[in-house]
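To convert, note that position 35 of the sequence shown is 18 in our numbering; the numbers rise steadily by one, no gaps. So the structure is just underneath, and the comments pick up after that.
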Amino acid sequence: MDAAARMHFADALAAALRAVGRHATRLSAAPFTDDDAVRTILRMFRHNGPESELAAAPEDRMLIVDGWSLLRSSLRSAWHFTVFLDGGEPAHPDTHERHLRYMREDIPRESSDAVYEVSDSMHPQRLYSDSC
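Shown next, in the form of structure tokens:
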């Protein structure tokens, strides 16, 4: 899946939250961002960081972050709620091996709170993997 599809989903989620009166802030993380950088960003957000938008935000605000490999096991405890977007194979062939390794080692789909199939980005579908 390409970055544009991830960004579109996250933007739409933030817009939907705002439409019902929730305060949602959006952030796109660069691919392969190191854990310390991600944790620093989250810490700044949680403690009303220096950015004026964050400092003026209410305490019940939400941060919607999109990015590749943010569901890796080393960051799993950083998130309150996670969404795995299943859009098929990586958009760029150079990332195919990294994608396979990420899926095999970090099992992001299985460890997410929600999974959406987004091959049609205008009509995402929530997938349920339970066996009830």
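Every residue gets a Cβ at the ideal spot worked out from N, C-alpha and C, and that includes glycine.
Annotation: the segment -2 to 85 contains the following complete segments of the beta strand (DSSP E) (minimum length 3 residues), in chain order: 7 to 11, 45 to 49 and 66 to 69. Linking residue 101 to residue 71 through their CA atoms gives a straight-line distance of about 8 Å. Here residue 58 is not near residue 96, since their CB atoms are 9 Å or more apart. Note on residue 2: under 16 other CB atoms within 10 angstroms of its CB, so exposed under the neighbour-count rule. Distance from residue 91 to residue 99 at the Cβ level is roughly 13 Å; contact not present, criterion being Cβ atoms closer than 8 Å. Residue pairing by DSSP places residue 100 opposite 69 and 108 in a beta bridge. Between the C-alpha atoms of residue 80 and residue 4 there is a straight-line separation of about 41 Å.
Just so you know, the alpha carbons of residue 41 and residue 30 end up roughly 11 Å apart. In the structure shown, residue -6 adopts helical secondary structure according to DSSP, grouped into three states. Residue 95: not part of any alpha helix (DSSP H); DSSP gives it neither H nor E.
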